[in-house]
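Q: The following block contains the structure, expressed as structure tokens.
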Amino acid sequence: MAEGARWYVVHTYSGYENAVAATIGKAVENRKMQDLILEVNIPMETVTEVNDNQTKTVERKIFPGYVLVKMVMTDESWHLVRNVRGVTGFVGSVNEAIPLTDEEIAALGVEKREVKVGFEVGSTVKVVDGPLDGFTGVVEEIDADKGTLRVVVSMFGRETPVELEFDQVEEVSEN
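Here my numbering is used: the first residue of the sequence shown is -10, the next is one more, and so on.
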């Protein structure tokens, strides 16, 4: 059933996000509904605050008053989430919760997508897009989080490191 799971936004009383997430988690465990409600998430961001010439790093809720729940929408799962103390309802129309789109989920960074890269540090690659189209170089560094890599390209007799996106290069086969 997990393949039918979608992300839904649950509206809560402000300040109750952590309590709501914990209560949903416990209820799922107690009722053995792990196949219906897969994950509960409170989107957070790390912010550096400066007060009186002192910097302090704090975690802050991106959307106060909201909790994200990845679930298979059934009457049973809807009632479990809806009847948690502090929940005012699902985001959507009156009687229908509307799931987040794949684009919204990607923008929020809620789900980490695993990227398979066909090359590694030391691989020879050919640039297939952008101003350096046609150049070849050697991969020096891979940043999977950003989807970029640093390639050392030989231009005008000099080694020049350039940052490129994964889809701008292809591996050169060594045959």
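Don't be surprised by glycine CBs; every beta carbon is placed ideally from N, CA and C.
1) So what does Ala86 bridge to, in DSSP terms?
2) Please classify Ser3 as buried or exposed, where buried requires at least 16 other C-beta atoms within 10 Å of its C-beta.
3) Once DSSP output is grouped into helix, strand and coil, what is the label at Ser66?
4) Between the Cα of Thr46 and those of Pro53, Gly54, His0, Thr37, spot the shortest distance and give me the residue it belongs to.
5) Taking 8 Å as the cut-off, does the segment 142 to 160 touch the segment 114 to 132 (at least 3 CB pairs, one atom from each stretch)?
6) Using 8 Å for Cβ pairs, my map puts Val(-1) next to Phe79. What's the rounded Cβ distance?
7) For the alpha helix (DSSP H) that Ile31 lies in, which residues bound it at each end?
8) Buried or exposed for Glu85, please, with buried defined as at least 16 other CB atoms from any protein chain shown within 10 angstroms of its CB.
9) Restricting to Cα atoms, I'd like to know which of Asp122, Val158, His68 is closest to Ile131.
10) What does DSSP give as the partner residues of Val140 in its beta bridges?
11) I need the DSSP call for Asn42, collapsed to helix, strand or coil.
12) Is it the case that the Cβ atoms of Lys115 and Val76 are separated by a distance below 8 Å?
13) Name the residue from Val151, Ile13, Leu153 whose alpha carbon lies nearest to the alpha carbon of Arg74.
14) Thinking C-alpha only, which one of Asp64, Val70, Ala95, Arg(-5) is nearest Ala8?
15) How many angstroms separate the CA atom of His202 from the CA atom of Ile94?
16) Could you give the first and the last residue of the continuous beta strand (DSSP E) run that contains Val17?
17) Alpha carbon to alpha carbon, what distance is there between Leu97 and Thr63?
A: Short version:
1) In the sequence shown, the residue the question calls residue 86 occupies position 97. Ala86 is bridged to Gly81.
2) Within the sequence shown, the letter at position 14 stands for residue 3. Counting of Cβ neighbours within 10 angstroms places Ser3 among the exposed residues, the total staying below 16.
3) In the sequence shown, residue 66 corresponds to position 77, counting from 1. Reduced to three states, the DSSP call for Ser66 is helix.
4) By one-based count along the sequence shown, residue 46 stands at place 57. Checking every option, the nearest Cα to that of Thr46 belongs to Thr37.
5) Judged by Cβ distances under 8 Å, the segment 114 to 132 makes contact with the segment 142 to 160, as three or more pairs qualify.
6) Sequence index remark: in the sequence shown, residue -1 carries index 10 (1-based). Sequence index remark: in the sequence shown, residue 79 carries index 90 (1-based). Indeed, because the Cβ distance is near 6 Å, the residues count as touching under 8 Å.
7) By one-based count along the sequence shown, residue 31 stands at place 42. First-last for Ile31: undefined, no H or E at that position.
8) Translated into the one-based positions of the sequence shown, residue 85 becomes position 96. Residue environment: Glu85 is assigned as exposed (fewer than 16 neighbouring CB atoms within 10 Å of its CB, all protein chains considered).
9) Counting from 1 along the sequence shown, the entry for residue 131 is found at position 142. Checked all of Asp122, Val158, His68; the closest Cα to Ile131 is Val158.
10) Along the sequence shown, read from residue 1 onward, the residue named residue 140 stands at position 151. Paired residue(s): Val128, Val151.
11) As a working note, residue 42 is residue 53 in the sequence shown. Taken through DSSP and simplified to helix, strand or coil, Asn42 comes out as coil.
12) Within the sequence shown, numbered from 1, the residue matching residue 115 stands at position 126. Within the sequence shown, numbered from 1, the residue matching residue 76 stands at position 87. Taking 8 Å as the Cβ cut-off, Lys115 and Val76 do not qualify as a contacting pair.
13) Locating residue 74 in the sequence shown gives position 85, counting from the first residue. Checked all of Val151, Ile13, Leu153; the closest Cα to Arg74 is Ile13.
14) Indexing the sequence shown from 1 puts residue 8 at position 19. Considering only Asp64, Val70, Ala95, Arg(-5), the residue with the shortest C-alpha distance to Ala8 is Val70.
15) Residue 202 lies beyond the residue range present for the chain, which begins at -10 and ends at 164; the question has no answer from this structure.
16) Along the sequence shown, one-based indexing puts residue 17 at 28. No beta strand (DSSP E) holds Val17; the alpha helix (DSSP H) holding it covers 6 to 19.
17) In the sequence shown, the residue the question calls residue 63 occupies position 74. In the sequence shown, the residue the question calls residue 97 occupies position 108. Between Thr63 and Leu97, the alpha-carbon positions lie close to 25 Å from each other.
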